[in-house]
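Asks: Counting in my numbering, the first sequence runs from 816 upward without gaps.
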Amino acid sequence: MLPHLPQLSPTMPALLSAKSEHLASMHKLLVICGPTATGKTQLALTLASTFGGELVSADSRQVYNGLDALTGKDRPTHGDERIWMYDVASLTKLFSVSLYQRLAQKIINDIERRKKLPIVVGGTGLYIKALTHPLSQIHIPPNVMLRKKFGNAPREVLQEELKRIDQYKWNSMNESDKDNPRRLIRAIEITQWRSSHPIDHETIRTPGDIFQIGLIAPLPLLEDRIQKRVMTRWDDAVREVQNTKEQPIAPILGFSAIQQFLQGTISKKDAIKTWVAEERAYAKRQMTWFKKQSGTHWFDITKETYIQDVLALVDSWYTNYA
RNA sequence: GCUGAGGUGCCGGAGUGGACAAUCGGACUUGUCUGUAAAACAAGCGCUCGAAAGGGCUACCUAGGUUCGAAUCCUAGCCUCAGCA
816 MLPHLPQLSP TMPALLSAKS EHLASMHKLL VICGPTATGK TQLALTLAST FGGELVSADS
876 RQVYNGLDAL TGKDRPTHGD ERIWMYDVAS LTKLFSVSLY QRLAQKIIND IERRKKLPIV
936 VGGTGLYIKA LTHPLSQIHI PPNVMLRKKF GNAPREVLQE ELKRIDQYKW NSMNESDKDN
996 PRRLIRAIEI TQWRSSHPID HETIRTPGDI FQIGLIAPLP LLEDRIQKRV MTRWDDAVRE
1056 VQNTKEQPIA PILGFSAIQQ FLQGTISKKD AIKTWVAEER AYAKRQMTWF KKQSGTHWFD
1116 ITKETYIQDV LALVDSWYTN YA
C-alpha cells in the first residue's frame, strides 16, 4: 500500500540553463550526501538553479507530514522550486526503504521526462543506496504473522530458527548482526519468502550515470552548527511536539527530550543538551556509513572555494557526455 | 546554630568488611548494515605491561585509625541537601 503520491509535474517555467538544454535525457543522477548540518540542501539548490535540476530528498524522517522544524526540512523560500519526497507519509504509519525507493524512482523518472537533472539530497545512507544500487531484497514484503510470532522471542530462539532453515545465511552474517533480533527476523522472513517464491526479478532500473558528492566537515564545526540550529528551531519544535497528538511510529531526534521538557521532567537546558547530543551522535553514525561508500567525491565545507569546486566538477561531469 | 540524610568513575545511580577497577542506565569511542536505517545491533570505555592468558599501579570527599584485608567499620575535618531555629 503506497502512501499518497505527491502531485507530479506541476507546470513549471523552465529554468534550463543554456548548457543543460542539449544534453538532458541521458539518465543522469546527481547525489549530494553527507552528515547532518553540512549544508547539503543549500548546495543542492545552487546546483539546481545552475544546471536546471530538481531536488529529491533522501531523508527517512522528512518523508513524514509535519514536524518541519524538528526534522529540519528546508523549504526553498522563493522561486518555484520545491523539494520532492517531503511529506509523503503519515507519522503514524510504517515507512520503509522499499516505499521510498518506489516513490522516489517515479519522481526521478518524471524529472528526467521533463529534461531536468534529478538531484538526490539527503543523509539517509540506505535510502540513497536504494536509488544508486540494485538492492535485490528490499522489496520482499514483511511477514506480519512472522514478525508477531517472533516479536518478543529471545534472540537464541531466532538464532536457532535461522540456523535451522538457512545455515548458509547464518554463516554469512557478522557477529553483530547475529545478535540483532531485527536483522535475524528479517533474515528468516527472506528465507521463507524465497522458499515459496521463485526468484523475483523486480524491475529495478539500471542505475545509469550517477555522480555522487559528499560534504564533510570537522566534528567541532559540525557540533557548533548543530548547536546553533537546535537553538533556532527550539520554539517551533516545541510547538510541533505539543501539537502532535499521536506518538510518531519512528523515533525522531529531540522528540522525547522535548516531551520530557513539556512534562516538566527535565529542564529546557537539559532537553536542548540531549537533543544536540542525539544530533551529534547521528552525524557520526552517518559518517561511519558514508565513508565506506566508494565513488563519492568529497568536499570539505571549510574550504573557502568548495562551492566553486563542486560546480566545476559537476559541470565537467554533466557537460562532458561521451 | 540545632536535628535528619548524604558525599562513589564524564553524568545518573548500585554496592555497605574479602568474590570490587567497582552491578546497571546514559554519555563517549570504534564499528556492523539490502523492507523500522534519525532505526536496530556489536565491541570498547582508570593508567600501564602483554599477542593472549594474565600481571603491576592509582582509585569510591580529605586526613588519620581499627583490621591479615576497607568504597564498605571508627574519629576528626570539609562540603551538599531536607526539617527546625
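Don't be surprised by glycine CBs; every beta carbon is placed ideally from N, CA and C.
Quick one: using the 10 Å Cβ neighbour count with 16 as the cut-off for buried, is Trp1113 buried or exposed?
Replies: exposed
Asks: If you count every other CB in all the chains shown that lies within 10 Å of the CB of Tyr983, and 16 or more means buried, which is it?
Replies: exposed
Asks: In angstroms with no decimal places, state the Cα-to-Cα distance between Leu1126 and Leu862.
Replies: 7 Å
Asks: Tell me the DSSP secondary structure of Ala1096 in three-state form.
Replies: helix
Asks: Pull up the distance between the alpha-carbon of Leu858 and that of Trp1090, whole angstroms please.
Replies: 25 Å
Asks: Label Lys843 either buried or exposed according to how many other C-beta atoms from any shown protein chain fall within 10 Å of its C-beta, with 16 as the threshold for buried.
Replies: Flag for Lys843 reads buried.
Asks: Which stretch, first to last residue, makes up the alpha helix (DSSP H) that contains Phe1070?
Replies: Counting along the chain, the alpha helix (DSSP H) containing Phe1070 begins and ends at Phe1070 to Gln1078.
Asks: In this structure, how does DSSP classify Ile1081 when only helix, strand and coil are distinguished?
Replies: coil
Asks: Leu950: beta carbon under 7 Å from a heavy atom of the ligand ZN?
Replies: As for the ligand ZN, it is missing from this structure, which has no ligand bound.
Asks: Could you check what DSSP says for Thr853 in three-state terms: helix, strand or coil?
Replies: Thr853 falls in the coil class under three-state DSSP.
Asks: Label Pro969 either buried or exposed according to how many other C-beta atoms from any shown protein chain fall within 10 Å of its C-beta, with 16 as the threshold for buried.
Replies: Exposed, since its Cβ has fewer than 16 Cβ neighbours within 10 Å.
Asks: Whole angstroms are fine: how far does the CA of Gln1042 sit from the CA of Leu1036?
Replies: 10 Å
Asks: Measuring CB atoms only, is the stretch 896-910 touching the stretch 871-881, in the sense that at least three cross pairs come out at less than 8 Å?
Replies: yes
Asks: So, with DSSP's three-state summary, where would you put Leu862?
Replies: Helix, per DSSP.
Asks: Around the Cβ of Gln877, are there at least 16 other Cβ atoms within 10 angstroms (buried) or fewer (exposed)?
Replies: buried
Asks: Between which two residues does the alpha helix (DSSP H) harbouring Ser872 extend?
Replies: Careful: Ser872 lies outside any alpha helix (DSSP H), inside the beta strand (DSSP E) at Gly868 to Ser872.
Asks: Under 8 Å Cβ to Cβ from Arg962, same chain only, skipping five residues before and after it: list those, please.
Replies: Ile1000 and Glu1004
Asks: Excluding the 5 residues flanking Pro1006 on each side, which residues of the same chain have their C-beta closer than 7 Å to its C-beta?
Replies: The sequence shown places Thr at residue 1006, rather than the Pro named in the question. Result list for Thr1006: Ile980, Asp981 and Lys984, in chain order.
Asks: Measuring alpha carbon to alpha carbon, tell me which residue in Ala1065, Ile1087 and Ile1064 is nearest Gln1075.
Replies: Ile1087
Asks: Would you say Gly1140 and Ile943 are within 8 Å of each other, going by their C-beta atoms?
Replies: Any property of residue 1140 remains undetermined from this structure, which presents the chain solely from 816 to 1137.
Asks: Going along the chain, which residues of its own chain have a beta-carbon closer than 6 Å to the beta-carbon of Glu1093, five neighbours each way excluded?
Replies: Leu1068
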